[in-house]
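Chains as they are written, first to last, in the numbering used here: chain Y, 1053 to 1270; chain F, 7 to 160; chain D, 148 to 462; chain G, 350 to 903.
Okay, structure first, notes after.
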Amino acid sequence: MATSHTETHHPNWLQHHFSSPFQQGESSKLGMWLFLLTEVLFFGGLFCAYAVFNAWYPETFINAHKSLSWPLGATNTIVLIASSVTMALAIRSMQLGSKKGTLILLWSTMALAAVFLVIKYFEYSHKFHLGQLPGEYYTYEGIAGTNPHIFFSVYFMMTGLHGIHVIAGMIVIGWMIYRTSQDHFSSDYYTPIEMTGLYWHLVDLVWIFLFPMFYLIG
Amino acid sequence: MSSNGQSHHHILPLSVYINVGLALLVLTVLTVVVAQMELGVFNTILAMVIAITKASLVALFFMHLKYDNKLYLIVFLAAIAFLGLFIILSMADTETRGDIYEFRGRPINEDAVIYNRPGVAGIDTLAGEVADTVTAATDTSAANQSESDTAGGQ
Amino acid sequence: MDTTGTLFLPPQNSTIASEVDFLWDFIYWASAAFFVILGVAIIYFLIRYRRRRQGELTSGKSHNVPLEIAWTVIPTILIFFVFVWGFQGYLKMQIAPGDAMEVKVTGQKWFWSFQYEEGASTVNELVVPVDQPVKLLMSSTDVIHSFFVPNFRVKMDVLPNRYTHLWFEATSTGEYDLLCTEYCGTGHSEMIGTVRVLGEREFTEWLEQAGGMGEGMTPAEFGEQLYTSKACNTCHSLDGSKVVGPSFLNLYNKEQMLTTGQAVVADENYLRESILNPQAKLVAGYDPVMPSYQGVLKDQQVDALIAFIKSLQEQ
Amino acid sequence: MSNAAATAAVPSYLQEPKGIKSWLLTVDHKRIGIMYLAAIMFFFFVGGALAVILRTELFRPEQILMDADTYNQFFTLHGAIMIFLFIIPSIPAALGNFILPLMLGAKDVAFPRLNLASWYVYVFGAIFCVASIVLGAVDTGWTFYTPYSTTTSTSVISMTLGVFILGFSSIFTGLNFIVTIHKLRMPGMTWFKMPLMVWGLYATAIIQVLATPVLAITLVLLIMERVLGVGIFDPAMGGDPVLYQHFFWFYSHPAVYIMILPGMGIISEVIACFSHRKIFGYKPIAYSSLGIAFVSFMVWGHHMFTSGQSEIAAMIFSFLTFFVGIPSGIKVFNWVTTMYKGSISLETPMVYAVMFLFLFMIGGFTGIMLGALALDVHLHDTYFVVAHFHYVMMGGTVMAFLAGIHYWWPKMFGRLYSERWAKVTALVIFVGFNMTFFSQFILGAQGMPRRYYSYLDQYQPLHGFSSVGAWVLGIGFVIMAVYLTASFFNGRKAGPNPWGALTYEWETLTPPPQHNFLKDVVLTHGPYDYDKVTVVGDFYDKSPTDKQHMAGKV
């Protein structure tokens, strides 16, 4: 664990109960990964629901998925991938000690996240307009197969939960932008940005699966 | 390595991020193209294979799993493994209910009667929980409920 | 066959019961053996090795490979037998014999109804012949219930919009408790019925006249009988007190205020509609919980119930 | 550490810093542990009072205190409070929080602020749960089975939202513990030099982070079902109520091990300490904790043998269920063997540990009965199940919790309790417990279904007996509250190591100072090296001298 010569080096961001910055950084990272694990299982329930109902009503799922616009979904996928790249580069930039580069890249990530949400907004409002709503509010009649509302229940639950995560991510990125501009970070200490990055990549990961599940194969 | 805890792993060259980003882009285009073809079950399999590839790229490079402590990789794989366990064991039930008696494998009414939920509808219940005062409103909703019961009853 | 029951288990009145009880006995006695061995060991050690002097050093032995293998392998083997027997018994419970008589069971808040292929129907009383397999095809109209007859050792949940099934073969005539074991609300503990096992001939006779009005009975008397047998009594009192639904006392020709705000007179037509389609005109102050009796009651029975309600006029 | 005179001037964590604000904003794991302890004890007594009221109602089949609806709300509250507000946080969040960093020789848990947040989240969640009483109570049972929970008119949303929030508290604690155990062990403490309590908490924490999110999403879906009618669990809309049960038990079965595993950790500590002997089979006990945690994720379907799930699923789940039995059995064998050739002193914690062994054995054996498919069909959802899980949860976890409370009480508050009263109380609780719940085994096997407000006459004698037992049990806990309170205010002062234990929480002052240890600790002996090192506990050594530490020789 701790190496002895770290005792003398005690920067102000090092908490008292850690014996070295290394120990603190590793702890944060492990904590973050465990948090991501809980996120995976949180989404997991919905993945399970998707799998069960997809197996029960395969025709419905195939018919219903055609009502989603894959060009919009694909655009959103590309937008999120781009935001992941900028996020990863923001961390790299801070590793190199460039505050300006980090700020630009964080702002780009934020902007791409906003684009994602705007596209999602148009998709949602179109669905609302058609009456392709979850569960008992479903009124659309153009989809053949049993229980098409279940497809939309799962669709709205999963993309909605994902959307909430995107919004939460934007809030955290905003906080990181603020802290970066206040010179809280340096090439020695950038753990919070790194953690934000991990979270943001997970949001991207989830979407990488949601996209084919709903837009491509139903 | 210095005493600082962060730079113990080397900083990846810019090209890694750009290349991975481009690979993800190509894979996205590929999965869309493949989905337009009619390949039966292979549509699903291919889409999932591509998604898993993309996810692995993100996890290994963007999330640094390839370079970091292997413990994080274990944590991440554990999450996937237990999710898999959850889905597989749940579906071990939902997919085999009709094994002995076929009638047990499916609902009695395949098509749901969407607007015929037993009891009080959800929104009204919420309202009732927050403030139990609007009795008149709930009464009418109960009446509507019973009308739809008559309409949709078997 | 043990028909008296033991300290723990009720009498065995079905073919599967002895198999279940064998498994019980096996686990019970194996557990008792382990419990006694370990219990005696604990007490013996507590006495034999009680602390006599403070601060003495003790044995550092912390492994004994043969012992550890023994206490891993032996329970594993025992448990494997338990699993196999348990699974075999379970399969027998699941697969009904091909010649089983079929009865349709409906669970509702808070009573059971049974429909026979021959057209008869009963409430809270399942009548079956002895020594003949009976297969129940079960579903619920509201929440999950569970069909349980302790003396038969059978149980199965009753789900809405899904069929579940259960079969048994009663081995002796008599009356056995039928209980709901899946929590279903206010009347859960009142959702109790009877399984009446009849001899083969008696059963055939019963099936023929089931559901009909007995000879020399007035419609009101028949209605009174239906009032209990169809479980109206779980929700409607005869003494004017409010239970789940309105009391039958003085109900006939009474002016009722509906949830819609309209008033209606409880005449024959209203009573008939309320039995067959209870939610159509709901009296204010009551929940829409009564199930429809369409198809459960025959016309003659509805008439009899109305006659019975009419007879309940206080002077 | 032996130099008591020199260190007496150091203020304990209870004394410094002062003021209510310093408590409410503390990030000290010990204070957070004590705050948790206060909160869970409050809810334990609320839940216990509900239990006594329920048993009183069940004394006779007819109405005694309340009507059926009230009864249904009471048993729901009893279950929800005891499980979500008491047992799940009891050992990990209250005792574990206090003891884990001390055992590891760490200054605090890895994320102290997250730890405090976890407590506030707990309180916040508890408020929602309690608010449901005012908003119209909940009558679904703690399992919230659909479609009953989606159609009942009671305030299910408030309660489920409360449980949802409590889940986060549990996740925070688990996450914190895993990181703490991985990263903050003292120099020299390798994985197999950790006390078994730490292994228990580690296995528990793994379950907490893996299973709790699934409960969270289940409850979100349940709330959505009520609010938007999404229909995923609604049979009338093409959904599946049995799927809800899968979702629910994927959390709630492992949750059973969240409750029992740390309890098993405590028992390992207490038996080793009071037998004054190296624990027998350290590695098997440690691995069996992880084994139980792992297998616990694959057995949830045994709650659903009669639910209408498929025969194949029932077979798989029954088969896997038995693999939980083996590691639990191994633990019991190891504990009993640890007592062999020990130097056993039967102080109160050890009394509870022995009670645990007996009660947990009965709980375990009846678990085998419930895992056997054909037999479970008969016993499922009867009082047999009620008795079984009370033997495991109360006879197991609560006895372990009480053993832990009595074991660490001197460390937490620096005072001893009345040993005589504690032993009498333990006896009262043991008798009351068996009266209450053993009779329920018989009731259940005879066919008495659970969650019944009234019952058939033939069950009355045993119900009556059980109710009397519940009163005895209630009296036992009241006595305990009295003598522990008395000890808190004017118990005899305790030394740093009353029981002569070798784990490192006893190496610091009693009660510990703010940052746990006066200087950094390094591992010098294993947690159970009673064959090499011996310490006479200051509880036994009544003379206030300084020769307690006699390392290596007698």
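Every residue, glycine too, gets a C-beta built ideally from N, C-alpha and C.
Paired residues, beta bridge with residue i - DSSP
{"i": "residue 255 of chain D", "result": "D:258"}
{"i": "residue 553 of chain G", "result": "The partner list for residue 553 of chain G (beta bridge, DSSP) is empty, contrary to what the question assumes."}
{"i": "residue 314 of chain D", "result": "D:282"}
{"i": "residue 474 of chain G", "result": "None; residue 474 of chain G has no bridge partner."}
{"i": "residue 341 of chain D", "result": "D:272, D:324"}
{"i": "residue 263 of chain D", "result": "D:250"}
{"i": "residue 441 of chain D", "result": "D:444"}
Residue span of the beta strand (DSSP E) that contains residue i, given as start and end
{"i": "residue 446 of chain D", "result": "From DSSP, residue 446 of chain D is part of no beta strand (DSSP E) but of the alpha helix (DSSP H) over 446–457."}
{"i": "residue 276 of chain D", "result": "272–276"}
{"i": "residue 403 of chain D", "result": "402–404"}
{"i": "residue 410 of chain D", "result": "410–412"}
{"i": "residue 295 of chain D", "result": "292–296"}
{"i": "residue 303 of chain D", "result": "301–305"}
Whole-Å CB distance - residue i paired with residue j, under 8 Å assumed
{"i": "residue 1140 of chain Y", "j": "residue 1221 of chain Y", "result": "Between residue 1221 of chain Y and residue 1140 of chain Y the Cβ distance is about 14 Å, and since that is not below 8 Å, they are no contact."}
{"i": "residue 528 of chain G", "j": "residue 1079 of chain Y", "result": "5 Å"}
{"i": "residue 303 of chain D", "j": "residue 655 of chain G", "result": "5 Å"}
{"i": "residue 488 of chain G", "j": "residue 422 of chain G", "result": "5 Å"}
{"i": "residue 740 of chain G", "j": "residue 774 of chain G", "result": "Their Cβ separation, rounded to whole angstroms, is 20 Å, which puts residue 740 of chain G and residue 774 of chain G out of contact at 8 Å."}
{"i": "residue 662 of chain G", "j": "residue 555 of chain G", "result": "With 8 Å as the limit, residue 662 of chain G and residue 555 of chain G do not qualify as a contact, their Cβ atoms being about 25 Å apart."}
{"i": "residue 562 of chain G", "j": "residue 1094 of chain Y", "result": "4 Å"}
{"i": "residue 64 of chain F", "j": "residue 1136 of chain Y", "result": "6 Å"}
Residue from the options whose Cα sits closest to the Cα of residue i
{"i": "residue 210 of chain D", "options": "G:360, G:627, G:694", "result": "G:627"}
{"i": "residue 87 of chain F", "options": "Y:1135, Y:1089, Y:1116, Y:1108", "result": "Y:1089"}
{"i": "residue 319 of chain D", "options": "D:356, D:178, D:277", "result": "D:277"}
{"i": "residue 351 of chain D", "options": "D:205, D:159, D:279, D:431", "result": "D:279"}
{"i": "residue 597 of chain G", "options": "G:582, G:610, G:611", "result": "G:582"}
{"i": "residue 96 of chain F", "options": "G:415, G:624, G:660, G:489", "result": "G:660"}
{"i": "residue 847 of chain G", "options": "G:724, G:834, G:837, G:622", "result": "G:622"}
{"i": "residue 872 of chain G", "options": "G:852, G:738, G:864", "result": "G:852"}
{"i": "residue 517 of chain G", "options": "G:490, G:548, G:466, G:555", "result": "G:466"}
{"i": "residue 342 of chain G", "options": "G:590, G:835, G:452", "result": "Since the first and last residues shown for chain G are 350 and 903, residue 342 of chain G lies out of range."}
{"i": "residue 748 of chain G", "options": "G:777, G:791, G:579", "result": "G:777"}
{"i": "residue 394 of chain D", "options": "D:452, D:380, D:185, D:404", "result": "D:380"}
{"i": "residue 460 of chain G", "options": "Y:1083, Y:1239, Y:1264, Y:1258", "result": "Y:1083"}
{"i": "residue 331 of chain D", "options": "D:305, D:321, D:342, D:347", "result": "D:305"}
{"i": "residue 264 of chain D", "options": "D:231, D:397, D:247", "result": "D:247"}
Delimiting residues of the alpha helix (DSSP H) encompassing residue i
{"i": "residue 379 of chain G", "result": "378–406"}
{"i": "residue 528 of chain G", "result": "505–532"}
{"i": "residue 750 of chain G", "result": "748–762"}
{"i": "residue 1138 of chain Y", "result": "1122–1147"}
Residue i beta carbon near the ligand MG (any heavy atom closer than 6 Å)
{"i": "residue 679 of chain G", "result": "Ligands in the displayed structure: none, and consequently the ligand MG is not present."}
- Task: Check whether the region 699–717 of chain G touches the region 759–768 of chain G, taking contact to mean three or more Cβ pairs, one atom from each stretch, closer than 8 Å.
- Result: By the criterion of at least three beta-carbon pairs nearer than 8 Å, the region 699–717 of chain G is not in contact with the region 759–768 of chain G.
- For the region 307–314 of chain D and the region 281–288 of chain D, state whether three or more C-beta atom pairs, one from each stretch, are separated by less than 8 Å. Because the criterion of three Cβ pairs below 8 Å is met, the region 307–314 of chain D and the region 281–288 of chain D touch.
- Message: Could you check whether the region 825–832 of chain G touches the region 436–449 of chain G, counting it as contact only if at least three pairs of C-beta atoms, one from each stretch, sit closer than 8 Å?
- Response: Taking 8 Å as the limit for Cβ pairs, the verdict is that the region 436–449 of chain G does not touch the region 825–832 of chain G.
- If you pair each beta-carbon of the region 455–475 of chain G with each one of the region 483–492 of chain G, do three or more pairs fall below 8 Å? Three or more Cβ pairs closer than 8 Å define a contact, and the region 455–475 of chain G falls short of that threshold against the region 483–492 of chain G.
- Task: Mind the definition here: the region 230–247 of chain D touches the region 291–299 of chain D only if three or more C-beta pairs lie below 8 Å; say whether that holds.
- Result: As far as the Cβ criterion goes, the region 230–247 of chain D does not touch the region 291–299 of chain D, which means the pair count is below three.
- Message: With three or more C-beta pairs closer than 8 Å as the rule, is the region 412–422 of chain D touching the region 358–371 of chain G?
- Response: Taking a cut-off of 8 Å on C-beta distances, the region 358–371 of chain G does not touch the region 412–422 of chain D, as fewer than three cross pairs fall below it.
- Message: Does the contact criterion of 3 or more C-beta pairs under 8 Å hold for the region 503–519 of chain G versus the region 562–574 of chain G?
- Response: The region 503–519 of chain G is in contact with the region 562–574 of chain G.
- Message: With three or more C-beta pairs closer than 8 Å as the rule, is the region 37–51 of chain F touching the region 1215–1233 of chain Y?
- Response: Not touching, per the Cβ criterion.
- Task: Evaluate the contact criterion for the region 745–760 of chain G versus the region 722–730 of chain G: three or more CB pairs, one atom per stretch, below 8 Å.
- Result: Taking one beta carbon from each stretch, the region 745–760 of chain G and the region 722–730 of chain G have fewer than 3 pairs nearer than 8 Å; the two do not touch.
- Could you say if the region 1109–1121 of chain Y and the region 105–112 of chain F meet the contact criterion of at least three C-beta pairs nearer than 8 Å? These segments do not touch.
- Query: With a cut-off of 8 Å, do at least 3 Cβ pairs link the region 193–211 of chain D to the region 687–702 of chain G?
  - Reply: Three or more beta-carbon pairs separated by less than 8 Å link the region 193–211 of chain D to the region 687–702 of chain G, which places the two stretches in contact.
- Query: Is the number of C-beta pairs between the region 1121–1136 of chain Y and the region 1250–1268 of chain Y that are closer than 8 Å three or more?
  - Reply: Counting Cβ pairs under 8 Å, three or more are found: they touch.
- Do three or more CB pairs link the region 1153–1161 of chain Y to the region 1232–1252 of chain Y at distances below 8 Å? Verdict: yes, contact present.
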